[in-house]
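Chemist: Dropping the structure in here first, questions after.
There are 2 protein chains.
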Amino acid sequence: MSFRIEDYIYNVKRLVDEELREVLPEVHGAKTKLSEAMRYSVEAGGKRLRPVLAVAACEAVGGEAAKVMPIACAIEMIHTYSLIHDDLPAMDDDTLRRGVPSNHSVYGDAVAILAGDALLTDAFKVIATRGVEKGLAPEAACAIITDVALAAGSAGMVGGQAFDLALEGRQVSLDEIESVHLLKTSALIEASVVAGGRAGGAGERELTALKKYGRALGLAFQIIDDVLDIEGGAGLGKVRGSDERRDKATYPAVMGVEVSKDKARDLTAQAIDCLKGFGDNAIALTELARYLGNRKY
Amino acid sequence: MSFRIEDYIYNVKRLVDEELREVLPEVHGAKTKLSEAMRYSVEAGGKRLRPVLAVAACEAVGGEAAKVMPIACAIEMIHTYSLIHDDLPAMDDDTLRRGVPSNHSVYGDAVAILAGDALLTDAFKVIATRGVEKGLAPEAACAIITDVALAAGSAGMVGGQAFDLALEGRQVSLDEIESVHLLKTSALIEASVVAGGRAGGAGERELTALKKYGRALGLAFQIIDDVLDIEGGAGLGKVRGSDERRDKATYPAVMGVEVSKDKARDLTAQAIDCLKGFGDNAIALTELARYLGNRKY
Numbered sequence: 016m017s018f019r020i021e022d023y024i025y026n027v028k029r030l031v032d033e034e035l036r037e038v039l040p041e042v043h044g045a046k047t048k049l050s051e052a053m054r055y056s057v058e059a060g061g062k063r064l065r066p067v068l069a070v071a072a073c074e075a076v077g078g079e080a081a082k083v084m085p086i087a088c089a090i091e092m093i094h095t096y097s098l099i100h101d102d103l104p105a106m107d108d109d110t111l112r113r114g115v116p117s118n119h120s121v122y123g124d125a126v127a128i129l130a131g132d133a134l135l136t137d138a139f140k141v142i143a144t145r146g147v148e149k150g151l152a153p154e155a156a157c158a159i160i161t162d163v164a165l166a167a168g169s170a171g172m173v174g175g176q177a178f179d180l181a182l183e184g185r186q187v188s189l190d191e192i193e194s195v196h197l198l199k200t201s202a203l204i205e206a207s208v209v210a211g212g213r214a215g216g217a218g219e220r221e222l223t224a225l226k227k228y229g230r231a232l233g234l235a236f237q238i239i240d241d242v243l244d245i246e247g248g249a250g251l252g253k254v255r256g257s258d259e260r261r262d263k264a265t266y267p268a269v270m271g272v273e274v275s276k277d278k279a280r281d282l283t284a285q286a287i288d289c290l291k292g293f294g295d296n297a298i299a300l301t302e303l304a305r306y307l308g309n310r311k312y
Numbered sequence: 016m017s018f019r020i021e022d023y024i025y026n027v028k029r030l031v032d033e034e035l036r037e038v039l040p041e042v043h044g045a046k047t048k049l050s051e052a053m054r055y056s057v058e059a060g061g062k063r064l065r066p067v068l069a070v071a072a073c074e075a076v077g078g079e080a081a082k083v084m085p086i087a088c089a090i091e092m093i094h095t096y097s098l099i100h101d102d103l104p105a106m107d108d109d110t111l112r113r114g115v116p117s118n119h120s121v122y123g124d125a126v127a128i129l130a131g132d133a134l135l136t137d138a139f140k141v142i143a144t145r146g147v148e149k150g151l152a153p154e155a156a157c158a159i160i161t162d163v164a165l166a167a168g169s170a171g172m173v174g175g176q177a178f179d180l181a182l183e184g185r186q187v188s189l190d191e192i193e194s195v196h197l198l199k200t201s202a203l204i205e206a207s208v209v210a211g212g213r214a215g216g217a218g219e220r221e222l223t224a225l226k227k228y229g230r231a232l233g234l235a236f237q238i239i240d241d242v243l244d245i246e247g248g249a250g251l252g253k254v255r256g257s258d259e260r261r262d263k264a265t266y267p268a269v270m271g272v273e274v275s276k277d278k279a280r281d282l283t284a285q286a287i288d289c290l291k292g293f294g295d296n297a298i299a300l301t302e303l304a305r306y307l308g309n310r311k312y
């Protein structure tokens, strides 16, 4: 058993970072700070969780990593845009992200808004062009664009962010918290896994299993994030306890840290359980779920 | 000669408005103001110029209007998102748009940012799903998504907006103004025309002609907009002379109103000239160019 998930993540992350450098607009010679601001946030670190999940899902159904790479990058671009916009003064007003000044702290609000807009828009171009160039069938590209846009738009991530803002400062139920998490975090994580499956040629039954895996994993991920924000958020690159101070609705705030940890453990087990039909090909997806369940930052 | 361009615009606009009502998320039962804010700006009027151009281009190559309708709506959604974000306090800080309070004036900055993000994201879903459902080949859908994303993203509209902001308050050359207009306005207008052509099954030669038509028309459109901003902008639904007050780089500001009008006339003639090969099918595109060249608001 020589599989080490840390090595897997490291290797995929390197490939993803390389591809990202290629698909992002050139800074050299640009007349504005736009491309610099786009690259700043994409290159400001991050675990590349969504790209790694997309690649692992592609391999779980027997596909080749190269085919899913543009899609993995597009999803990371969309994730990055969402962080830039979330950090804006009009939204969460965070001056720090991934341990460095947030985009608008460096480039100003106007350029930060535009850098987010451009990352989101360019992401769809990357799927539709580079994805297809790398051998993705146009039908699969359209299905992936649909999944990703649904997960990121009004019915997904943006809808979740709007819901989260609407809940701020008032008493919320556990159901409401779960709805926010499913929309704001799980949806795009689920879409990453499903997109990876589609790029790898998954059948309907495999896609259903991957969807359930992604949903459970995404929810576990968010709960653990919120626990870490209380227990020792410095490693997250954010100001520790920042959710609490803003009176954000989180699992640990309502259920306490220990119950939240149990819930995350259950969800991780559920996620792994979805992979039974995949055999050895799903080793990376399985180990990723365990790894994320045990993370301390 | 019973063709009246006013009737054509009126009829297409009605169909587009109907389709937009269907593709936008339901307001009823929503837990947040997001869908309301999205609909507010989409339904706040507007000439539907880009959708009308897409439909006219589709018909110019012998295609059916129904096939291009989802794409026409998606482009209008992208145009609307760009207006919402442009009006934000961090950008142009406009309280009025199309004669009514701008999105953030009604819903606040956070919801306005999210409404723009959601319109942009959902637009790509509309092309990839509803476009394909209406008979668009997945290859054509991918080509259209590429064109539209290129025209709207860092290499197009958003790039132009960033360039425009960078130029504010300093002396600019005519070349710089033209670059801003081509990116900020012409690119998406050109993409509308080309997308309509693609949806209608245009060949490469037709696409090239449509591209040139859209580019010239888009530039003429922007110059006329800027002339009207000086001469009588109230009809535009903006505060009259607002570009001038902000020291925006415009053609009439640098070249004067009369030279600008001549330039717009030349560009309109150039645009119409591109349609020679299309015969009678291009009557709507031809008349649209004339109509836009003569508009007084």
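Residue numbers (my numbering), protein chains in the order written: chain A, 16 to 312; chain B, 16 to 312.
Don't be surprised by glycine CBs; every beta carbon is placed ideally from N, CA and C.
Going straight from the alpha carbon of M53(A) to that of I192(A), what length do you get?
Modeler: Distance between the alpha carbons of M53(A) and I192(A) is about 31 Å.
Chemist: Using beta carbons (cut-off 8 Å, strictly below), is I128(B) in contact with chain C?
Modeler: Among the chains of the structure shown, chain C does not appear; the protein chains present are A and B.
Chemist: Compare the C-beta of L35(A) with all C-beta atoms of chain B and state if any pair is closer than 8 Å.
Modeler: Chain B, which has no Cβ nearer than 8 Å to the Cβ of L35(A), makes this no.
Chemist: What's the C-alpha gap between G233(B) and A181(B)?
Modeler: Each residue's Cα considered, the two are about 22 Å apart.
Chemist: Who pairs with V115(B) in a beta bridge, going by DSSP?
Modeler: Per DSSP, R112(B).
Chemist: Going along chain A in order, which residues have a C-beta closer than 7 Å to the C-beta of L180(B)?
Modeler: Residues of chain A passing the Cβ test: A125.
Chemist: Mind listing the chain B neighbours of Q176(A)? Cutoff is C-beta to C-beta under 7 Å, in chain order.
Modeler: Near Q176(A) (Cβ distances below 7 Å), the residues of chain B are L129.
Chemist: So is K199(B) buried or exposed if we call it buried at 16+ other beta carbons inside 10 Å?
Modeler: Its Cβ being crowded by 16 or more others within 10 Å, K199(B) is buried.
Chemist: So V70(A) and G211(A) are supposed to be a Cβ contact under 8 Å. How far apart are they, rounded?
Modeler: Indeed they touch by this definition, with Cβ atoms about 6 Å apart.
Chemist: Is the separation between the beta-carbon of I239(B) and that of R310(B) shorter than 8 Å?
Modeler: Yes. Within cutoff.
Chemist: Do you know whose CA, among G171(A), I99(A) and C88(A), lies nearest F139(A)'s CA?
Modeler: Nearest option by C-alpha distance: C88(A).
Chemist: Looking at the structure shown, is R178(B) part of a helix, part of a strand, or coil, going by DSSP?
Modeler: A quick correction: the sequence has Phe, not Arg, at residue 178(B). Here F178(B) sits in helix by DSSP.
Chemist: Could you please give the first and the last residue of the uninterrupted alpha helix (DSSP H) stretch that includes S207(B)?
Modeler: Run containing S207(B): A202 to A214, per the alpha helix (DSSP H) assignment.
Chemist: At which residues does the alpha helix (DSSP H) containing T144(A) begin and terminate?
Modeler: No alpha helix (DSSP H) holds T144(A); DSSP gives it neither H nor E.
Chemist: Give me the subset of the stretch 190-216 of chain A whose CB atoms are less than 7 Å from a CB atom of chain B, sorted by chain position.
Modeler: Listed in sequence order: no entries.
Chemist: Please list, in chain order, the chain A residues whose beta carbon lies closer than 8 Å to that of E154(B).
Modeler: Simply P153.
Chemist: So, do the stretch 81-98 of chain B and the stretch 124-144 of chain B have three or more beta carbon pairs nearer to each other than 8 Å?
Modeler: The answer is yes - the stretch 124-144 of chain B touches the stretch 81-98 of chain B, with three or more Cβ pairs under 8 Å.
Chemist: If we define contact as Cβ-Cβ less than 8 Å, is H100(B) a contact residue for chain A?
Modeler: With 8 Å as the cut-off, H100(B) counts as an interface residue toward chain A.
Chemist: Please list, in chain order, the residues of the stretch 135-168 of chain B that have any C-beta partner in chain A closer than 7 Å.
Modeler: Here the close residues are L135, T136, D137, F139, K140, A143, T144, V147, P153, E154, A156, C157, I160, T161, A164, L165, A167 and G168.
Chemist: Terminal residues of the continuous alpha helix (DSSP H) containing R63(B)?
Modeler: Element bounds for R63(B): n/a, residue is neither H nor E.
Chemist: Could you name the residues of chain A that S50(B) contacts, counting a contact when the two beta carbons are closer than 8 Å?
Modeler: Neighbours of S50(B) on chain A, chain order: S169.
Chemist: Name the two residues that bound the continuous alpha helix (DSSP H) containing D102(B).
Modeler: A80 to D102 is the extent of the alpha helix (DSSP H) around D102(B).
Chemist: Straight-line CA distance for G250(B) to L243(B)?
Modeler: Because G250(B) sits at a pLDDT of 46, beneath the cut-off of 50, its placement in the model cannot be relied upon, and the following sentence gives the value as read from the coordinates. One C-alpha to the other measures close to 9 Å.
Chemist: Can you pull the chain B residues whose beta carbon is under 8 Å from the beta carbon of V269(A), in chain order?
Modeler: Within 8 Å Cβ-Cβ: nothing; V269(A) doesn't reach chain B, min ~18 Å.
Chemist: Rounded to whole angstroms, what's the CA-CA distance from N296(B) to K227(B)? Just pull it up for me.
Modeler: Going by the C-alpha atoms only, they are around 17 Å apart.
Chemist: In angstroms with no decimal places, state the Cα-to-Cα distance between D32(A) and A59(A).
Modeler: Their Cα atoms are separated by approximately 11 Å.
Chemist: Name the chain B residues that come within less than 9 Å of P40(A), Cβ to Cβ?
Modeler: Chain B residues near P40(A): G168, S169, A170 and G174.
Chemist: According to DSSP, is P153(A) helix, strand or coil?
Modeler: In this structure, P153(A) counts as helix in the three-state DSSP scheme.
Chemist: At a cut-off of 7 Å, would you count L234(A) as near the ligand NAP, judging by its Cβ distance to the nearest heavy atom?
Modeler: The ligand NAP is not among the ligands present in this structure, which contains no ligands whatsoever.
Chemist: To the nearest angstrom, how far is the alpha carbon of L64(A) from that of T283(A)?
Modeler: Between L64(A) and T283(A), the C-alpha separation is close to 15 Å.
Chemist: Can you give me the C-alpha to C-alpha distance between G168(A) and V272(B), rounded to a whole angstrom?
Modeler: The alpha-carbon atoms of G168(A) and V272(B) are separated by roughly 42 Å.
Chemist: Please report the distance separating the alpha-carbon of R213(B) from that of S201(B).
Modeler: Distance between the alpha carbons of R213(B) and S201(B): 18 Å.
Chemist: Does the beta-carbon distance from A217(B) to C289(B) come in below 8 Å?
Modeler: Against a cut-off of 8 Å, the Cβ pair of C289(B) and A217(B) comes out as no contact.
Chemist: Span of the alpha helix (DSSP H) holding P40(B)?
Modeler: No alpha helix (DSSP H) contains P40(B), which DSSP labels as neither H nor E.
Chemist: What three-state label does DSSP hand K311(A) in the structure shown?
Modeler: DSSP places K311(A) in coil when its eight states are reduced to three.
Chemist: How would you list, in chain order, the residues of chain A whose beta-carbon sits under 7 Å from the beta-carbon of A46(B)?
Modeler: Going by the sequence as given, residue 46(B) is Lys instead of Ala. The answer, in chain order, is F178 and A181.
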